[in-house]
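In the UniProt record's numbering, the protein residues as written are 50 to 302. Think of the CB as a built atom: it goes at the ideal place given N, C-alpha and C, for glycine as much as any other residue. This one's a predicted model, so the numbers in the text were calculated from it and none came from an experiment.
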Amino acid sequence: GPGAHPTGHPASFASELSPEENAKRLAAYAAVDEHVKDYHKVLGIGSGSTVPYVVERLCQEPHCNANSDRWYVPTGFQSKELIVKAGLNLGDVDQFPNIDVTIDGADEVDDDLNAIKGGGACQLREKVLAEAATNFILVADSRKDSKVLGTNWKQGVPIEVAPFAWAKVFQNLQKMGCEKPVLRMGKMKAGPVVTDNGNFVIDAVFTESYMRDPSELLHRIKMLTGVLEVGIFAGMALAAYFGYPDGTVAVRW
Ligand code: 5RP
């Protein structure tokens, strides 16, 4: 239905999108068309500004109705709303620990398909859905494409922490070599951002020497007590689709 369109316009108005928005849409459409098959019964729906176009494309398929035997599992509040508003079957990971395809956004993707995620504070659920998926696919605009993580995304690695432990994790990140970790604050700066799981997020910038080995950095951060998940997705994605403002899509796999 019309509620599925992120811009509020029917798809025929697609040309009215800005080149940047159109780039996101093209990447999302390409990923859906290539990876979602008719026989797939469980799809993971990720977070971020490109994902509404994933749902938009899925809603152009015959499967898009409440009588369908396809289920859609969200990574957070935003994607849950997208699923509900589109009238799709809403599922959860405890019903569906195995997902056919999860399509998700990213903050940055490197040459080896390692990604930074969690700019929207959804990285814990996103990683669970990425791991649950047979096929984990990233969609983004071309600004997210880089050789080494941290080149374009300057905000650091998003780390979800138990609220009670945040100060200790903060200190341990400094000991590990992160000069200035930041406890992510809400828009009004009145208090920390609280994730869908009731936790806090620390953004931790590491120098390039650390970022060159995302898997090693991920494992070291994850070992810190109080850390629940790290926004480094190392070696999880099967493919990444980058939309360009000139209307082309680059695929990496
Ligand atoms: C949220 C994410 C998002 O996918 C990522 O932040 C990209 O979002 P956007 O397209 O809005 O920049 O990982 O945790």
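Quiz item: How would you label Gly296, buried or exposed, when you count the other beta carbons within 10 angstroms and need 16 or more for buried?
Solution: Exposed is the call here.
Quiz item: Mapping DSSP to helix, strand and coil, what is Ala53?
Solution: Below a pLDDT of 50, predicted positions are generally treated as unreliable, and Ala53, at 38, falls in that range; the measurement from the model is reported next regardless. In the structure shown, Ala53 sits in a helix (DSSP, three-state: H, G or I).
Quiz item: Cα-Cα, which of Cys227, Phe255, Met225, Pro207 is closest to Arg233?
Solution: Pro207
Practice problem: Flag Ser96 as yes when its Cβ comes closer than 7 Å to any non-hydrogen atom of the ligand 5RP, and as no otherwise. | Solution: Checking the Cβ of Ser96 against the ligand 5RP gives yes.
Self-check item: Three or more C-beta pairs below 8 Å linking the segment 131 to 150 and the segment 190 to 209
Solution: no
Quiz item: Using CA coordinates, which residue listed in Phe213, Asp118, Val104, Arg74 is at the minimum distance from Asp87?
Solution: Asp118
Exercise. Return the first residue and the last residue of the beta strand (DSSP E) that Asp252 is part of.
Key: 249 to 253
Quiz item: Measuring from the CB of Glu83, is there a heavy atom of the ligand 5RP at a distance below 7 Å?
Solution: Outside the cutoff, so no.
Quiz item: Can we count Gln172 as close to the ligand 5RP, meaning its CB is less than 7 Å from some heavy atom?
Solution: yes
Self-check item: Helix, strand or coil at Val142 [DSSP, three-state]
Solution: In the structure shown, Val142 adopts coil according to DSSP, grouped into three states.
Quiz item: Taking C-alpha atoms, which residue in Tyr102, Pro68, Gly97, Ile152 lies nearest to Leu287?
Solution: Ile152
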